[in-house]
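In our numbering, the protein residues as written are 258 to 369. Cβ coordinates follow ideal geometry from the N, Cα and C atoms, glycine included.
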C-alpha cells in the first residue's frame, strides 16, 4: 500500500489543443524540462520536434495515434513543436520535468 507524504510533484501537465493542419508550440520558459511524456489519445499521428518546425517528412519523433512517447535529453528545452497533419483538431497531454538524465530512458519499448 502506498504511503502519503507531503512532498509535492514537480511534474508539469499541459493539455495541448492541436489544430488540424497546423503546428502548435508549447512553451516551457518557466520550467525548461529535459524529460517529456506525450500522451496522444487521438486517431491522428503527431509529428514533434524540439529544435525546428516539424513537417511530415522532417521531425524529431512521431507520437502515433492512441499511443505515448517518452522523450529525454541531457539538456533543457524552452519549447516543443507539435504538427497535427490530420483532418481534425486533436488534444494531447504533455507531462514534463527537469530531472537527472539517464541514458536508459531512451529505450523504446513500444510495439508497432
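What are the boundary residues of the beta strand (DSSP E) that residue 271 is part of? Residue 271 sits at position 14 when you count from the first residue of the chain shown. That run of the beta strand (DSSP E) goes 269-275.
In or out: residue 299 buried (at least 16 other Cβ within 10 Å) or exposed? To locate residue 299, count along the chain shown from 1; it is residue 42. With 16 or more other CB atoms across the displayed protein chains lying within 10 angstroms of its CB, residue 299 is buried.
Counting beta carbon pairs with one atom in the stretch 350-362 and one in the stretch 287-299, are three or more of them shorter than 8 Å? Yes, the stretch 287-299 is in contact with the stretch 350-362.
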